[in-house]
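Novice:
Residue numbers (full-length UniProt numbering), protein chains in the order written: chain W, 1 to 678; chain L, 1 to 72.
1. Within this structure, are the beta carbons of residue 337 of chain W and residue 550 of chain W separated by less than 8 Å?
2. Is it buried or exposed for residue 630 of chain W, if we count other Cβ within 10 angstroms and need 16 for buried?
3. Answer yes or no: does any C-beta atom of chain L fall closer than 8 Å to that of residue 672 of chain W?
4. What residue does the alpha helix (DSSP H) around residue 54 of chain L start on, and which one ends it?
5. Among W/265, W/348, W/259, whose alpha-carbon lies nearest the alpha-carbon of residue 492 of chain W?
6. Does DSSP classify residue 355 of chain W as helix, strand or coil?
7. Determine the chain L residues that contact residue 227 of chain W at a beta-carbon separation under 9 Å, and present them in chain order.
8. Pull out every residue of the region 302 to 330 of chain W whose Cβ sits closer than 9 Å to any Cβ of chain L, in chain order.
9. Taking only runs that begin and end inside the region 178 to 217 of chain W, name each unbroken beta strand (DSSP E) of 3 or more residues, in chain order.
10. Quick one: grab the DSSP three-state call for residue 166 of chain W.
11. Going by DSSP, what residues sit across from residue 63 of chain W in a beta bridge?
12. Is the beta carbon of residue 362 of chain W less than 8 Å from the beta carbon of residue 483 of chain W?
13. Can you name the start and end residues of the beta strand (DSSP E) that residue 34 of chain L belongs to?
14. Which residue marks the beginning of the beta strand (DSSP E) containing residue 6 of chain L, and which one marks its end?
15. Counting only C-beta atoms, is residue 212 of chain W closer than 8 Å to chain L at any point?
16. Considering only the beta carbon of each residue, do residue 241 of chain W and residue 293 of chain W sit closer than 8 Å?
17. Is residue 297 of chain W helix, strand or coil by DSSP?
18. Just curious, the beta strand (DSSP E) that residue 5 of chain W is in, first and last residue?
19. Just to confirm, are residue 36 of chain L and residue 637 of chain W a CB contact at a threshold of 8 Å?
20. Go ahead and pull the three-state DSSP assignment for residue 435 of chain W.
21. Does residue 15 of chain L have its Cβ less than 8 Å from a Cβ in chain W?
22. Measure from the alpha carbon of residue 343 of chain W to the alpha carbon of each residue in W/196, W/537, W/477, W/383, then state which is nearest.
23. Tell me, please, whether the region 67 to 84 of chain W touches the region 282 to 291 of chain W by the rule of three or more beta-carbon pairs shorter than 8 Å.
24. Please confirm whether residue 22 of chain L has its beta-carbon closer than 8 Å to some beta-carbon of chain W.
25. Within this structure, are the beta carbons of residue 584 of chain W and residue 600 of chain W separated by less than 8 Å?
26. For residue 466 of chain W, tell me which candidate among W/486, W/541, W/460 has the shortest Cα-Cα distance.
27. Could you tell me which of W/234, W/197, W/238, W/159 sits nearest to residue 209 of chain W, measuring between CA atoms?
28. To the nearest angstrom, how far is it from the Cα of residue 478 of chain W to the Cα of residue 369 of chain W?
29. Beta-carbon of residue 296 of chain W versus every beta-carbon of chain L: anything under 8 Å?
30. Taking Cβ positions only, does residue 44 of chain L come closer than 8 Å to chain W?
31. Applying a beta-carbon distance threshold of less than 8 Å, which residues of chain W neighbour residue 10 of chain L?
32. DSSP has residue 684 of chain W in a bridge; who is on the other side?
33. Tell me whether the beta-carbon of residue 569 of chain W lies closer than 8 Å to the beta-carbon of residue 238 of chain W.
34. Under DSSP, the beta strand (DSSP E) around residue 513 of chain W begins and ends at which residues?
35. From residue 720 of chain W to residue 608 of chain W, what does the alpha carbon distance come to, in whole angstroms?
36. Quick one, are the C-beta atoms of residue 339 of chain W and residue 567 of chain W less than 8 Å apart?
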């Protein structure tokens, strides 16, 4: 709590105590020496009134002076003055005291959630150590680092600016930026982003960017500005607040004058009995009008709805998901269709040997080794995949050989030979490339064919019928004999399948994949991930068309939408699609400014499971915002109606104002205080 | 010229009102008063920036006396 807040609180406490003493004394009459006439209590009640409310009364006059009358201060001043005039001194003071209590709580709550958000976003590096050419080290503010400076990052410190590691190895913690709790290994030549916490090793990092252009600054700016892109719910509140207060104020004015005037005229022409007029004197109507004024402040909504969204954005940031505006959080909660790119989002984007299928009587190792020999020295991607698969195979099997029992049984030369083998795969004496079909190599006197069925058939080797599938298929033959086949495919990310099924549970009706890859590949990935539809062989422009086609299916006649569409891409070359979708989500964006610029939502790492989390946060945020809107409006209208007919007094109105505000704020803070509950 | 300041602003409603009022000062190109983050961003003509900034603070204070911009 700030000093100012504490001062306010103490003042308020004192006035509450004074007020309660006065109330008890007046109602029970335990101090007989005080006169019975209540008017004597007026000056006494004015003490706690001004103690708590002087600032409000002052602000009210300031508002009038500056010709901006319709603010809370005016409403409270008029309401309480009205209550004093109606002779309800205790209630006048109560309204002021409780109003101020509500304000105090509001400042406290907002301050607290602001602090929680700042803690969530606690990624700002405090200092940087610059190593000068003469070997001296200056410790400066990260602001002062210039591009090209050599920085020392000590163990446990934050990386001050984006840079590249020149010396040292370490494990860095990126959790605050990506939500990923497993530390990342860095070594010389590796890029490193600001805000990561260095682990055990000492690093020398060359600054690639100034602080203000570094990832940390970008992220902070983005989150700070997110609360400025308002959701529909917030816009509704802003508009509502603008008309609600004047309407209530004018109704109050009407309530103060019209019934009294009508009843008075009624007695004159004999429609209303004088007894009825006496039972409802003008003062009663004045009191009811003041009750109106007390509930006329829309503070509960004005503060709690943006606070809910603020909390949602904060909670998402903690999960490594940057949401660029409350409006996107709202759209995310109403998604019906998720369209995803394939490579880099659903799949890892690195092709690799997936399957080794030897023909009868051939071992997997023989097949792979034969293919690797033929491809040795090749620069063709397929060749490289096969070679790297073979290398991995050798490493795995030499690891297996190194297990304790094996060491005892196996003799040394055996291990040596296996190690030597992996390094000294024979090179082909001759290689002939058949473009688009494969290659024919002569290795150690044997003729090896690696390629499509077409190649083998041309060479007179009969091969089994090949089904059309997702993978690139490489058939292998040696000296006229078919050995089997090797399947090469893009690997599906482990998290993708679960993420897709979670999204469906969350009510996403259609999960679509668009890709430039061949249709069979696309379909196979679609089957594996249980996608609703896949479209392959698309050029970037066609992806935009496809998205527009789906968008139009979501649009009923006119502009009315019955669901929203999100596009997930890697942010590198799908900027047009990202901007066309209702919500453009860029993945794996850590350190990529372009992606951060283009997308509406940025997922810092490349884990697809952040998407269901994001949808959950969006839904929860909307739920809380809606609860607050409905609750606050219901209570306020109830109090308005009841007080107009005289069933609710000013105490109820105080609850309708301050009580509702406090409850709504507490509700809104659930998201920030308890982010794990999502 | 665009500059960002830390500021002190106590209520969300006042922040909106102050932002609106400052936006009407001649020479102001854009203004943002972020209640949640307590940040005040002012973009105004380069050669009159200081003057406009002072005027913005003055107007802000007439709406909410507690409005303050840090580091000015």
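C-beta: ideal position from N, C-alpha, C; glycine also.
Being a predicted model, the structure only gives us computed values, none of them experimental.
Specialist: According to the structure shown:
1. With respect to residue 550 of chain W, residue 337 of chain W sits close: the two C-beta atoms are nearer than 8 Å.
2. Exposed: under 16 other Cβ atoms inside 10 Å.
3. Output row for residue 672 of chain W: interface = no.
4. That run of the alpha helix (DSSP H) goes 49 to 63.
5. When only C-alpha atoms are compared, the closest one is W/348.
6. In the three-state reduction of the DSSP assignment, residue 355 of chain W falls in the strand class.
7. Neighbours of residue 227 of chain W on chain L, chain order: 34, 35, 36, 37.
8. Cβ contacts with chain L: 302, 303, 306, 307, 310.
9. Correct list: 184 to 186, 203 to 207.
10. Residue 166 of chain W: strand per DSSP, three-state reduction.
11. Bridge partners of residue 63 of chain W according to DSSP: none are assigned.
12. Going by C-beta atoms, residue 362 of chain W is nearer than 8 Å to residue 483 of chain W.
13. Segment 28 to 34, the beta strand (DSSP E) holding residue 34 of chain L.
14. Boundaries of the beta strand (DSSP E) around residue 6 of chain L: 2 to 8.
15. Not an interface residue.
16. No, Cβ-Cβ distance for residue 241 of chain W and residue 293 of chain W is not below 8 Å.
17. Judged by DSSP in its simplified three-state form, residue 297 of chain W adopts coil rather than helix or strand.
18. First-last for residue 5 of chain W: 3 to 28, but that is the alpha helix (DSSP H), not the beta strand (DSSP E).
19. For residue 36 of chain L and residue 637 of chain W, no; Cβs fall outside 8 Å.
20. Looking at residue 435 of chain W - three-state DSSP - the assignment turns out to be coil, as it is neither helix nor strand.
21. Chain W, which has no Cβ nearer than 8 Å to the Cβ of residue 15 of chain L, makes this no.
22. Per the Cα distances, W/537.
23. Inter-segment contact for the region 67 to 84 of chain W and the region 282 to 291 of chain W is present: three or more beta-carbon pairs are separated by less than 8 Å.
24. So, not an interface residue.
25. In this structure, residue 584 of chain W lies near residue 600 of chain W, with their beta-carbon atoms less than 8 Å apart.
26. Nearest in C-alpha terms to residue 466 of chain W, of all of W/486, W/541, W/460, is W/486.
27. Comparing alpha-carbon positions, the option among W/234, W/197, W/238, W/159 lying closest to residue 209 of chain W turns out to be W/159.
28. Rounded to the nearest angstrom, the two C-alpha atoms are 11 Å apart.
29. Closer than 8 Å: no.
30. No, because no Cβ of chain W sits closer than 8 Å to the Cβ of residue 44 of chain L.
31. Near residue 10 of chain L (Cβ distances below 8 Å), the residues of chain W are 107.
32. Chain W is shown only over 1 to 678; residue 684 of chain W falls outside these bounds and no answer can be derived.
33. No Cβ-Cβ contact shorter than 8 Å links residue 569 of chain W with residue 238 of chain W.
34. First-last of the beta strand (DSSP E) with residue 513 of chain W: 510 to 514.
35. With chain W running from 1 to 678 in the structure shown, residue 720 of chain W is simply not present.
36. In this structure, residue 567 of chain W lies closer than 8 Å to residue 339 of chain W by Cβ.
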